[in-house]
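Engineer: With the working numbering, the residue at position 103 of the sequence shown is 105, and numbering never jumps.
The C-beta atom is built at its ideal place from N, Cα and C for all residues, glycine as well.
No experiment lies behind these values; they were computed from the predicted model shown.
Structure below; questions to follow.
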Amino acid sequence: MTAGQTIDYFIVAQDMALPPNVGTNIAIYPAGFCPASVALTSGAFPVSGYHSFNILTLPTGIATATSNAELCISDDIILSLTGGVVTGAQYQWQSSPAGANLWTDIVGANEITYEAIGLSVSTDFRCIISCGGVPISVSPSTPVTVTVVNPEILTTTPASTCNPGPISLTLGATASAGATINWYAAPTGGLPIGTGGTFNTPPISTTTTYYVSASEGSSVLNVASPTIGSSTFITTTTGWGLRFTANEIIGINSVTVRCSSSTPGAATIQIKISDLNDVVLYTGVVHNFTITNVLTDYVVPVNISGIPAGNYKWE
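What follows is the structure, encoded as structure tokens:
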């Protein structure tokens, strides 16, 4: 060196791509040159004051998940992301009227999960995932639709007569699309006494008020087993069967039967639904299975739908 010259010392940590993808104190070298490495003896280690970089693999796709895809009138939901979490990413949840593809940012929805409070209209949701302010390649997440149903009675048709009776009259009602119409004898509901757009009253001789409501959707319910050996609904006498009450129109997908046999091997079972007078009303599918001599639970498909509200037995 000569007087007046300056030497700049710097430390470079970067990958070898042109230009570098990641690095600190990045140095750009002319074409054909690359930084020289210095081989150090083992006595130079361990070192300190260094920066570490972890290059993460981007997920191949990110989807939006919801805690509930169908709501009745209004409810809360929790949205989350599946397919891989991007460490250090920034999140911006967006919403759109269902099917409209008109996306707007949800103010304050900047975490990896988002809770929508009191959702009352059908809405699409997605999330913009960014790194360093730039959306990653698999952003936005695949949208999810949350459907809100709001069944309602639109019109009612009363009936009257000059006949002293007793006489049966026909009442009518219309409901929003997709809704089921149920008729009741009490304003508090209870067991429906009829379903559908028309209802024929029992023979009446005085002014009588009936009530109608609309419902929509269905759910799957796992019903607890009775206490084997002590339930009053189980008997080996004529007319045996497990009694149950349906408070609204139901379907039975399957039942679990606990049984064993002293002669293990091929077996056949079929569930039948009857009224309390032992008249068979519905018959399930025939199920073939292999039974053992060990008491075991067997799931038996039934596949019966459209059972009206009422009291029944299955056998």
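Would the beta-carbon of T1 fall within 8 Å of that of P310?
Structural biologist: Absent from the structure is residue 1, since the part of the chain shown begins at 3 and ends at 317.
Engineer: Going by C-alpha to C-alpha distance, which of G180, L173, R245 and S178 sits closest to Y213?
Structural biologist: Y213 has its Cα closest to that of L173, out of G180, L173, R245 and S178.
Engineer: Mapping the DSSP letters down to three states, classify W316 as helix, strand or coil.
Structural biologist: Residue state, collapsed to three classes: strand.
Engineer: Going by beta-carbon coordinates alone, are N249 and V304 separated by less than 8 Å?
Structural biologist: Not in contact: N249 and V304 (Cβ atoms no closer than 8 Å).
Engineer: Go through its chain and collect everything with a Cβ distance to A177's Cβ below 7 Å, but skip five positions before and after it.
Structural biologist: Closer than 7 Å at the Cβ level, and outside the excluded window around A177, lie P153, E154, I155, L156, I183 and A216.
Engineer: Contact between the stretch 100 to 110 and the stretch 120 to 127 is defined here as three or more beta-carbon pairs at a separation below 8 Å; is this criterion met?
Structural biologist: Short answer: they touch.
Engineer: Helix, strand or coil: which one does DSSP assign to V301?
Structural biologist: Strand, per DSSP.
Engineer: Given a threshold of 16 other Cβ atoms within 10 Å of its Cβ, counted over all protein chains shown, does L96 qualify as buried or as exposed?
Structural biologist: The residue asked about is misnamed: residue 96 is Gln in this sequence, not Leu. So Q96 ends up on the buried side.
Engineer: Quick one: grab the DSSP three-state call for A65.
Structural biologist: It is a strand residue.
Engineer: For C261, count the other beta carbons within 10 Å of its own beta carbon; 16 or more makes it buried, fewer makes it exposed. Which is it?
Structural biologist: With fewer than 16 Cβ atoms within 10 Å of its Cβ, C261 is classed as exposed.
Engineer: Buried or exposed for I75, going by 16 or more other Cβ atoms inside 10 Å?
Structural biologist: It counts as exposed.
Engineer: Leaving out five residues before and five after Q272 in sequence, what residues of the same chain have Cβ atoms less than 8 Å from its Cβ?
Structural biologist: Closer than 8 Å at Cβ, skipping near neighbours: T285, G286, V287, V288 and H289.
Engineer: Would you call P194 buried or exposed, if buried means 16 or more other Cβ atoms sit within 10 Å of its Cβ?
Structural biologist: It is buried - the Cβ of P194 has at least 16 other Cβ atoms within 10 Å.
Engineer: DSSP three-state call for D196: helix, strand or coil?
Structural biologist: Just to set this straight, residue 196 is Gly in the shown sequence, not Asp. Of the three classes helix, strand and coil, the one that applies to G196 here is strand, per DSSP.
Engineer: Excluding the 5 residues preceding and the 5 following S207 in the sequence, name in chain order all residues of the same chain whose CB lies nearer than 6 Å to its CB.
Structural biologist: So the list reads G167 and P168, once near-sequence residues are dropped.
Engineer: With distance defined between alpha-carbon atoms, name the residue in L104, T144, I64 and L244 nearest to T258.
Structural biologist: Closest by alpha carbon: L244.
Engineer: Please classify S141: does DSSP put it in a helix, a strand, or coil?
Structural biologist: Note: S141 maps to coil in three-state DSSP.
Engineer: Using only the alpha-carbon positions, how far apart do V302 and I275 sit?
Structural biologist: For V302 and I275, the distance between alpha carbons rounds to 14 Å.
Engineer: Would you mind working out which of P189, W185, E218 and G191 sits nearest T203, comparing C-alpha positions?
Structural biologist: Nearest of P189, W185, E218 and G191 to T203, Cα basis: W185.
Engineer: Just checking my contact of S132 with L60 at CB under 8 Å: how many whole Å lie between their CB atoms?
Structural biologist: The Cβ separation is near 12 Å, so there is no contact.
Engineer: Name the DSSP beta bridge partners of Q92, please?
Structural biologist: According to DSSP, Q92 bridges with S132.
Engineer: So is T66 buried or exposed if we call it buried at 16+ other beta carbons inside 10 Å?
Structural biologist: Buried is the call here.
Engineer: Could you tell me if I79 is buried or exposed, where buried requires 16 or more neighbouring beta carbons within 10 angstroms of its beta carbon?
Structural biologist: When all chains shown are included, I79 counts as buried.
Engineer: With DSSP run on the structure shown, which of helix, strand or coil describes I75?
Structural biologist: It is coil, neither helix nor strand.
Engineer: Hey, how far is the Cα of T298 from the Cα of S263?
Structural biologist: Those two C-alpha atoms are separated by around 10 Å.
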